[in-house]
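Read in order, the letters of the sequence shown correspond to residues -26 to -1, 1 to 105 in mature numbering (1 follows the signal peptide of the UniProt record, and there is no 0). To start, the structure itself, in structure tokens.
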Amino acid sequence: MTNMFRRICGSVLALLIGASALWAGADDYRFEIVSTDHRVGSGVTIELRLTDLRTGQPVEGAVIYATRMDMAPDGMETMTSPVTALPAEGPGTYLFSTDLTMAGGWRFSVAAKVQGEPETVQAELELRAEP
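Structure (structure tokens):
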């Protein structure tokens, strides 16, 4: 009986683990800013990391389709700067170039599609531009 019980428990556990992937959602992923040197100027590189929170692993191959850089943290949401995607340097890392035209708080909004995930992964990340 013990062997049978172990097999049943193992099967149930495998089903539960497999089913958890079906319950995954956009909240199971997180963007975070990796770069730390954000000085006022043109062509500033912003480095983001996208992580699967269920596994702690970096997420490769996400399709970034919406980005916006603005000064909403300082009450100037209409103060925007264009964002250009750059080639990635590592797994789960996404690079962007932007112009930080003045010192202060900036908000970087990003939206992405992750392979196999029907929901859009979105984030609003804040950073400070230093003079």
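Using N, Cα and C, we set each Cβ at its ideal position, and we do this for glycine too.
Is the distance from the Cβ of residue i to the Cβ of residue j below 8 Å?
{"i": "residue -1", "j": "residue 84", "result": "no"}
{"i": "residue 36", "j": "residue 86", "result": "yes"}
{"i": "residue 105", "j": "residue 18", "result": "no"}
Is residue i helix, strand or coil by DSSP?
{"i": "residue 85", "result": "strand"}
{"i": "residue 46", "result": "helix"}
{"i": "residue 26", "result": "strand"}
{"i": "residue 11", "result": "coil"}
{"i": "residue 107", "result": "Nothing about residue 107 can be reported from this structure: the residues present for the chain run from -26 to 105 only."}
{"i": "residue 62", "result": "coil"}
{"i": "residue -6", "result": "With a pLDDT of 46 at residue -6, under the threshold of 50, the modelled position of that residue is not reliable, and no figure is offered here."}
{"i": "residue 103", "result": "strand"}
{"i": "residue 97", "result": "strand"}
Taking 7 Å as the limit between beta carbons, can you name the residues of its chain near residue i, skipping five residues before and five after?
{"i": "residue 88", "result": "3, 33, 36, 95"}
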